[in-house]
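Participant:
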Amino acid sequence: MLKFTTRRSEPELLRPARPTPRETKSLSDLDDQRTLRYYETVVGFFHRCDHDNGGDITTPAVVDPAKAIRAALAEALVYYYPIAGRLREEEVIDGGTGRLVVDCTGEGVVFVEADADVRLEDFGQPLLPPYPCVGELLCDAGNTRAVVGKPLLLMQVTRLKCGGFVLGFHICHNIADGFGMAQLTMAIADLARGEPAPTIPPVWSRHILTARRLAPPLTPSPSSSSATITAHDNDDTIRHPRRATTATTTTQVDAMLSTPPHRMVVEYFLFGPREVSTLRAQLPARLAESTTAFEILTAVMWRCRTAALGYGADSRVRLMITMNARGRWNDHTPLPLGYYGNAHVSPVAEANAGELLARPLADTVELVRRTKRGMTRERMAAMVDTVARLREWPPSGMDKVYEVSDIKWTAVDVLKFGWAELAGGGIPLAGDLTSKLGSDHMRCWNAAGEVSTVVSMLLPRVAMARFKKEMAVWLNKDDEKSLTIMSSL
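According to full-length UniProt numbering, the sequence shown is numbered sequentially starting from 1.
(1) So what's PHE417 in DSSP terms, helix, strand or just coil?
(2) Measuring alpha carbon to alpha carbon, tell me which of LEU128, LEU356 and LYS416 ends up nearest CYS304.
(3) Let's see if you can read the secondary structure: which residues bound the alpha helix (DSSP H) around GLN156?
(4) Shortest alpha-carbon distance to ASN174 belongs to which of LYS400, VAL266, ARG389 and VAL147?
(5) If you draw a straight line from the alpha carbon of ALA362 to that of THR41, how long is it in whole angstroms?
(6) How about GLY425 and GLY44: are their beta carbons less than 8 Å apart?
(7) So, are the CB atoms of LEU30 and LEU209 less than 8 Å apart?
(8) Work out the CA separation of VAL401 and GLU12 for me, nearest whole Å.
(9) Flag this pair as touching only if the stretch 84-93 and the stretch 102-110 have three or more C-beta atom pairs under 8 Å; answer yes or no.
(10) According to DSSP, GLU10 sits in a beta bridge with which residue or residues?
(11) What residue range does the alpha helix (DSSP H) around ARG443 cover?
(12) Between the Cα of VAL265 and those of PRO130, GLY312 and LEU283, spot the shortest distance and give me the residue it belongs to.
(13) I'd like to check one pair, ALA182 with ALA198: are the Cβ atoms closer than 8 Å?
(14) When you compare only the Cα positions, how much space is there between VAL112 and ARG369?
(15) With distances taken between CB atoms, is the gap from GLU295 to VAL365 smaller than 8 Å?
(16) For the beta strand (DSSP E) containing MET457, list its first residue and its last residue.
(17) Ignore the nearest five residues each way along the sequence and tell me which others in ARG99's own chain have a CB closer than 6 Å to its CB.
(18) In this structure, how does DSSP classify TYR339 when only helix, strand and coil are distinguished?
(19) Tell me which residue opens and which closes the alpha helix (DSSP H) that ASP385 is part of.
(20) Any heavy atom of the ligand FAD closer than 7 Å to the Cβ of PRO428?
(21) Whose C-alpha, out of PRO202, PRO201, GLY418 and ARG119, is nearest the C-alpha of LYS161?
(22) Provide the residue span of the beta strand (DSSP E) that contains MET320, from first to last.
(23) Just to confirm before moving on: does the CB-CB distance between GLU75 and LEU167 stay below 8 Å?
(24) Classify ASN143: buried if its beta carbon has 16 or more other beta carbons within 10 angstroms, exposed otherwise.
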């Protein structure tokens, strides 16, 4: 196992390169969700390029990537000036919850330079999570659940012996989603490459995803689920034909919410073309041909996770699919190019645990497909409205919920500095653990050089052992150890 210690500079408060507007900006209702009040953590590994679009390795910027990125970040903050501000919670009115707003103060973001006596290839070939000593690649964000009055971005650039570097940062999720984070990084790369301005100018326009009319905040009961769950269609629920249309929900405590972090483990599951083909072969031909790898993997992992956690047969389990509203499916609420706020909606499927596990895999895949592909303008508007009314989701609102996010295409072929290109990376198990109860589908390459998917899974220790046994059955593998890359906890 690779071990190293970085040599860090003192944290610097980096301001925009030029004066920026002093104003207050409102967040959208999707931005202002209580569940997004944390700092998301991202790491990106970059290898050095001798020549790319005229890149010259003799320039000072190439010799010192930290200095080049520092200057580019200061320039990028001129365009993304709200990120250099601070969040403030407005006064509570009529018993409701104070909304977050951005005071565009220009106070700046945290920047740290670091050096590590390791090479990019030391992190593994192929480059896959869990990344060793990932904490050494990130600066200290303190309490990652406290976001008010703090810098909204904390970035560390770690220079490697081979000339490559690692870009690690914490960013407040209320300000940007995954695609917004990638857009900001692309702007930094543009400017570091010598472009006069970001290729894609940033757009605020948070009113687009704000409810049409704000009703008084609701107070959901402890058994109610998240706002997105109230928007699903009843037809999306797996029901046994001989059972009544309503089922008794047990009061079983969800182990995902009751297990302390030190008793949880994370594993990363690698799915190359061979593994996906094995799963696809277990579907009817018509469905196998029209189903995406994400839909198949999500269906199988939801089933295995449900079995591993030992939910009662009558327990209602839910699958929350985080979908990017910038996607091709959304031709009814077009977002302007450059929008970097939270633009994700989360349709939800429900099932009785016993029925989910008893029925064929094809039924689960169909349910995932209907849920994912059934978004309409009306459903999207209803989700935004409901999120606005349920701004304070209680922790129990995520009871027996499995959330999945497909971030494979977030930064593909866009993060090019000219003298360096993205070699890999994603969302590591670092920072806020409670925000990682679901799974992220990330793009990678397997040992054969094939484009593959790596999926994170966080479970209690005992449940993880069960999960791996279930997955081994689906993948026709005798050795459960061959399923995972390795544990990072």
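Idealized CB from N, CA, C, for every residue including glycine.
Facilitator: Here's the rundown:
(1) coil
(2) LEU356
(3) Looking at the DSSP string, GLN156 is not in any alpha helix (DSSP H); the run it does join, the beta strand (DSSP E), is 153-159.
(4) VAL147
(5) 35 Å
(6) yes
(7) yes
(8) 40 Å
(9) yes
(10) Partner(s): none; GLU10 has no beta bridge.
(11) First-last for ARG443: 439-445, but that is the beta strand (DSSP E), not the alpha helix (DSSP H).
(12) PRO130
(13) Looking at the sequence itself, residue 198 is Pro, so the reference to Ala does not match. Going by C-beta atoms, PRO198 is not nearer than 8 Å to ALA182.
(14) 43 Å
(15) yes
(16) 451-460
(17) ASP32 and GLU90
(18) strand
(19) 377-389
(20) By its list of ligands, the structure shown contains no ligand whatsoever, and the ligand FAD lies outside what it can speak to.
(21) ARG119
(22) 316-324
(23) no
(24) exposed
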